[in-house]
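*Asks:*
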Amino acid sequence: MPLTPEDVRNKQFTTVRLREGYDEDEVDAFLDEVESELTRLLRENEDLRAKLAAATRAAAQNQQQQGMRKPPEQQDRPVGPGAPVPAAISGPPVQQQPPQMGPPQLPSGAPQLPAGPMQGGPMQGGPMQGGPMQGGPMQGGPMQGGPMQG
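Reading the sequence shown from the start, the letters are residues 186 to 335 in this note's numbering.
1) Do residue 208 and residue 199 come within 7 Å of each other at the CB atom, strictly closer than that value?
2) Short check: CB of residue 188 to CB of residue 231, under 7 Å?
3) Can you give me the C-alpha to C-alpha distance between residue 226 and residue 254, rounded to a whole angstrom?
4) Mind checking which residues open and close the alpha helix (DSSP H) that includes residue 236?
5) Could you tell me which residues DSSP puts in a beta bridge with residue 200?
6) Where does residue 187 fall in DSSP's three states?
7) Using the Cα positions of residue 240 and residue 211, report the straight-line distance between them to the nearest angstrom.
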């Protein structure tokens, strides 16, 4: 079962009767669940980073190969003072646009990821900005203001 930040924020532990505090078995079980979900998310993140790096490399290789290929007709034409100038070159100079930063263009046939809530990239104003427990019930430490205070 996927663990959400709301699950962690809203988790209520039962108190024990004979001593102050929480049921250790219940807390340990919850921590085990948090640990396994965090491990799964980190692995998934690593896999996605590897796929992104591979797609970026493939796109760069594809662009590099296309840039190195010249049409054979241009290679065979004589270049000199009397040689005809192709129409594309004799027109006004074309300004080249600087490379745009953004998501890499995947080669055709590569799987496209659906647009989702992470459109601005990781850690840019997402739902967990500032940390998952910012402003949560345990702010300042787990026992701050608890029964053992003072």
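A virtual CB, placed ideally from N, CA and C, is assigned to each residue, including glycine.
Computed from a predicted structure; not experimentally measured.
*Replies:* If we stick to the structure as given:
1) yes
2) no
3) Rounded to whole angstroms, residue 226 to residue 254 spans 42 Å at the Cα level.
4) 209-253
5) Paired residue(s): 207.
6) coil
7) 44 Å
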